[in-house]
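**Q**
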């Protein structure tokens with residue numbers, strides 16, 4: 075059965091936000107001075123008392139209202155819009171088309187290096203013959 079069938083299941087919302095924060099139940103439990111089993115029970119509860127909810131929200135870095143109104147669909151839309159927006163609003167479009175073939179430049183550089191090595195060998199051979 076899908077976890078999306080009960081949109082007001084506060085425990086599942088807490089669980090999902092915790093997972094999105096990459097936090098384990100143990101870490102949340104430690105921050106709240108509870109056991110991991112207590113967090114598991116909370117995450118399986120449809121409702122959570124307001125004081126616990128506020129404490130959990132603070133540890134997760136969100137508001138209690140944020141937990142109550144949490145929607146997986148809204149998060150995905152937000153991520154998608156921000157991602158697309160960052161591409162669109164990243165400033166002026168820069169054209170990175172080269173007016174030369176980069177491979178030709180690599181070959182040219184390689185040929186110059188080979189020639190420099192040949193010149194060096196020739197110079198050293200002349201020095202050795204001179205002795």
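Numbering (the working numbering), first residue to last: 75 to 205.
Beta carbons: idealized from backbone N, C-alpha and C, even for Gly.
Mind checking residue 89: buried by the 16 CB within 10 Å criterion, or exposed?
**A** Buried: at least 16 other Cβ atoms inside 10 Å.
**Q** Taking residue 108 as part of the alpha helix (DSSP H), name the residues at either end of that continuous run.
**A** Here residue 108 belongs to no alpha helix (DSSP H), and DSSP marks it neither H nor E.
**Q** For residue 143 and residue 116, what's the separation of their Cα atoms in angstroms?
**A** If I take the Cα positions, the gap works out to 17 Å.
**Q** When DSSP labels each residue in this structure, what does residue 199 get in the three-state scheme?
**A** helix
**Q** Under three-state DSSP, which class holds residue 95?
**A** coil
**Q** How far does the alpha helix (DSSP H) with residue 140 in it extend, from its first residue to its last?
**A** 138-142
**Q** What's the gap between the Cα of residue 183 and the Cα of residue 198?
**A** 23 Å
**Q** Mapping DSSP to helix, strand and coil, what is residue 123?
**A** coil
**Q** Just the Cα atoms here: how many angstroms apart are residue 202 and residue 185?
**A** 26 Å
**Q** In this structure, does DSSP put residue 135 in helix, strand or coil?
**A** coil
**Q** Short check: CB of residue 141 to CB of residue 87, under 8 Å?
**A** yes
**Q** Are the beta-carbon atoms belonging to residue 134 and residue 95 less than 8 Å from one another?
**A** Yes, Cβ-Cβ distance for residue 134 and residue 95 is below 8 Å.
**Q** Looking only at C-alpha atoms, which of 191, 113, 123, 192 sits nearest to residue 93?
**A** Distances from the CA of residue 93 to each of 191, 113, 123, 192 were compared; the closest alpha carbon is that of 113.
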